[in-house]
Amino acid sequence: AQSVTQLDSHVSVSEGTPVLLRCNYSSSYSPSLFWYVQHPNKGLQLLLKYTSAATLVKGINGFEAEFKKSETSFHLTKPSAHMSDAAEYFCALPRGGKLQFGAGTQVVVTP
Amino acid sequence: DGGITQSPKYLFRKEGQNVTLSCEQNLNHDAMYWYRQDPGQGLRLIYYSQIVNDFQKGDIAEGYSVSREKKESFPLTVTSAQKNPTAFYLCASTSGIHEQFFGPGTRLTVL
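So the sequence lines, in the order shown, correspond to chains A and B. Mapping of the first sequence onto this note's numbering: position 16 corresponds to residue 16, and the numbering continues sequentially without gaps. Mapping of the second sequence onto this note's numbering: position 12 corresponds to residue 1012, and the numbering continues sequentially without gaps.
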C-alpha cells in the first residue's frame, strides 16, 4: 500500500536558520510526490512537486526537496527561515485518483 | 484568473439544520474533492468526483452528500446526520495526474 509519513508533528526554528521537514513514503514504484503549505485559515498551496525528472526539486519561497529512492524520502529544506514560513506543511502522494496526505508538520519561527 | 472559489468563508448552523457549501472551479478540471480538516488531524477525504454525474465516498462520507451536475461545480451538503460538523472544509480539483489545486476553505460552526 502507498503511504506517506511525516516524521515531525512540530518543528521550531529561529529566524535565519535552516529548516528541515522530513517525509518518508512507501510505494511499490517511483511515485510523484508533493509538498504543500497551509497558512492559518487558508487553503493549501503547492510548494513543489517531484515527477520523476530531476531528483532535486526547487519550489517557491526558497524551498527545495530531494527525492532519495534508496531512503524512500522526500525531505523539504530551506536554508534560512523567515517569519512568513510559519505555517503547516503537508507531504502528499498520489493514490488511485486521490492524494494521500501526511499528518502535517507545524512550523514555528521565533525571532 | 483561473482558480477555485468556495463560499461562504464562514458559516454558522444550528443543530438539526442542513447546510450546503459551494465549490466552483474555472480550471476545466475533471476531478473535484472535498476534505474536512480538524485541528491536529490533517486532511480527511469526504467525497470525490472524477467526472460529471459520478462521485465516490471518501474516508468520512457519513452525514454528508454531494452532487456533480456540472463540471465546474461540486457542492457539499452537511446534513443533520453529521454528528460533529464543526470544522474547516476544503475543496480541491485536478486535471487528473497532477497536483490538486485548493480553494480558500469554508469554516463551519454549529451553534
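Ideal Cβ positions, reconstructed from N, Cα and C, are used throughout, including at glycine.
Within chain A, partners of residue i - CB distance below 9 Å
i       : result
B/R1036 : Near B/R1036 there are no residues of chain A at all, since even the closest Cβ is about 12 Å away, more than 9 Å.
Chain B contact residues for residue i, given Cβ-Cβ distances below 7 Å
i      : result
A/F101 : G1042, L1043
A/F34  : E1099
A/K49  : E1099
Rounded straight-line distance, which links the Cα of residue j to that of residue i
i       : j       : result
B/Q1082 : A/P18   : 43 Å
B/I1046 : B/Y1064 : 8 Å
B/L1011 : A/A54   : 43 Å
A/G112  : B/P1039 : Nothing can be reported for residue 112 of chain A, as the shown portion of chain A is limited to 1 through 111.
A/P40   : A/A65   : 23 Å
A/Q106  : A/F34   : 17 Å
A/Y29   : B/L1043 : 24 Å
B/P1075 : B/Q1025 : 11 Å
B/K1057 : B/Q1050 : 12 Å
Contact set between residue i and chain A, taken where Cβ atoms lie within less than 8 Å
i       : result
B/R1107 : N41
B/L1090 : G43, L44
DSSP beta-bridge partners of residue i
i       : result
A/L93   : A/Q100
A/Y50   : A/L33
B/D1054 : B/I1051
A/K78   : A/V19
Span of the beta strand (DSSP E) around residue i
i       : result
B/M1032 : 1031 to 1037
B/Q1017 : Here B/Q1017 belongs to no beta strand (DSSP E), and DSSP marks it neither H nor E.
A/N24   : 23 to 26
B/I1004 : 1004 to 1007
A/K58   : 56 to 58
B/S1093 : 1087 to 1094
The ligand PLP heavy atom lying under 7 Å from the CB of residue i
i     : result
A/S26 : Ligands displayed in this structure: none; no statement on the ligand PLP is therefore possible.
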